[in-house]
Amino acid sequence: MADGPAAPSGTDPARTEQDAIIAALSPVVDGIAATFGSFCEVVVHDFRRPERSVVALAGSVTGRGVGGSMSEIGMKLLAAGDEAHDELNYLTRTQDGKLLKSSTMVLRDSAGTAFGALCVNLDVTAVHQVHALVGDLAGVTAGPEAAPTTTFGDDISAVLDSIVDARRLHRPGPWTQLTREERLELFRDLDRQGVFAVRGAVQQVAGRLGISRASAYNYLAAARTDRAADR
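Position in the sequence shown (first residue = 1) + 1 = this note's numbering.
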């Protein structure tokens, strides 16, 4: 039996398959969001365009729109590449205080390449407020562990700034006082988080740290050399 029609000259079969999967999922987000109601948001991310990875969206829990950027969670999956795995039923908190219960499921093509994600975000703020109230009435004060704050938005620059600034919490003093080893470790960490997969990230991080772009590229190259040696 003959194979199907050959791909048109100049096209990438893997990309064509990935585009088809995203196109098939795009109408599904509306059905999922409608099932769970106004407290639900469903997002399809395309990792091939991290600066504007949101290609389909239903609901408005995080305030993003189509063409918006991925969050820190998506950046971690992007950095993991084909080793990325689903993140299910985790709690996070938005910058404006909403408590979200989320699941992020990695999209793969037939070769196993991770190229995107389907995310479901449920706003459970009211549920936990009721839980706390009932706990107080019952004399039970223990509650869920504090959820980490995550930056959701349409601007990838804000997400990158949040990832960099979160590292400042681990040490006192301004960025300019970092030693060379501390800067190398920072660049290793940011690279593991997928920061440098974003176009223009090196220049943005350099500005955040108060160093030249050339210095930032040197630190990134040294950090990647160290990681390769560790492997």
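From the three backbone atoms N, C-alpha and C, an ideal C-beta is built for every residue, glycine too.
For residue i, the nearest candidate out of the options (CA to CA)
i, options, result
"residue 154", "22, 62, 40 and 20", "62"
"residue 55", "156, 166 and 214", "156"
"residue 124", "201, 17, 213 and 39", "39"
"residue 75", "179, 58, 178 and 45", "45"
"residue 20", "51, 162, 168 and 47", "47"
"residue 167", "111, 191 and 179", "191"
Neighbourhood of residue i by C-beta, 7 Å cutoff - its chain only, sequence neighbours within 5 removed
i, result
"residue 188", "220, 221 and 224"
"residue 114", "15 and 83"
Status (buried if at least 16 other CB within 10 Å, exposed otherwise) for residue i
i, result
"residue 86", "exposed"
"residue 5", "The predicted position of residue 5 is uncertain, since its pLDDT is 41 and thus under 50; a value taken from the coordinates is nonetheless stated next. Burial call: exposed."
"residue 90", "exposed"
"residue 67", "exposed"
"residue 93", "buried"
"residue 34", "buried"
Beta carbon of residue i nearer than 7 Å to that of residue j
i, j, result
"residue 198", "residue 207", "no"
"residue 193", "residue 80", "yes"
"residue 209", "residue 160", "no"
"residue 151", "residue 72", "yes"
"residue 30", "residue 121", "no"
"residue 41", "residue 60", "yes"
"residue 201", "residue 176", "no"
"residue 214", "residue 204", "yes"
6 Å Cβ shell around residue i - same chain, five flanking residues per side excluded
i, result
"residue 99", "124 and 126"
"residue 53", "68"
"residue 109", "115"
Residues near residue i by beta carbon distance below 8 Å, same chain, minus five either side
i, result
"residue 3", "Only weak support is given to the placement of residue 3: the predicted model assigns it a pLDDT of 40, under 50, and the question is left unresolved by the model."
"residue 104", "87, 88, 89, 90, 91, 120 and 121"
* Asked: Where in the segment 54-133 do unbroken runs of the alpha helix (DSSP H), each at least 4 residues long, occur, reported from the N-terminal end onward?
  -> 73-81
* Starting from the N-terminal side, write out each stretch of the alpha helix (DSSP H) that is 4 residues or longer and does not extend beyond the segment 141-224. => 157-169, 181-193 and 202-210
* Identify every run of the beta strand (DSSP E) within the segment 11-37, keeping only runs that are complete inside it and at least 3 residues long; order them along the chain. => none
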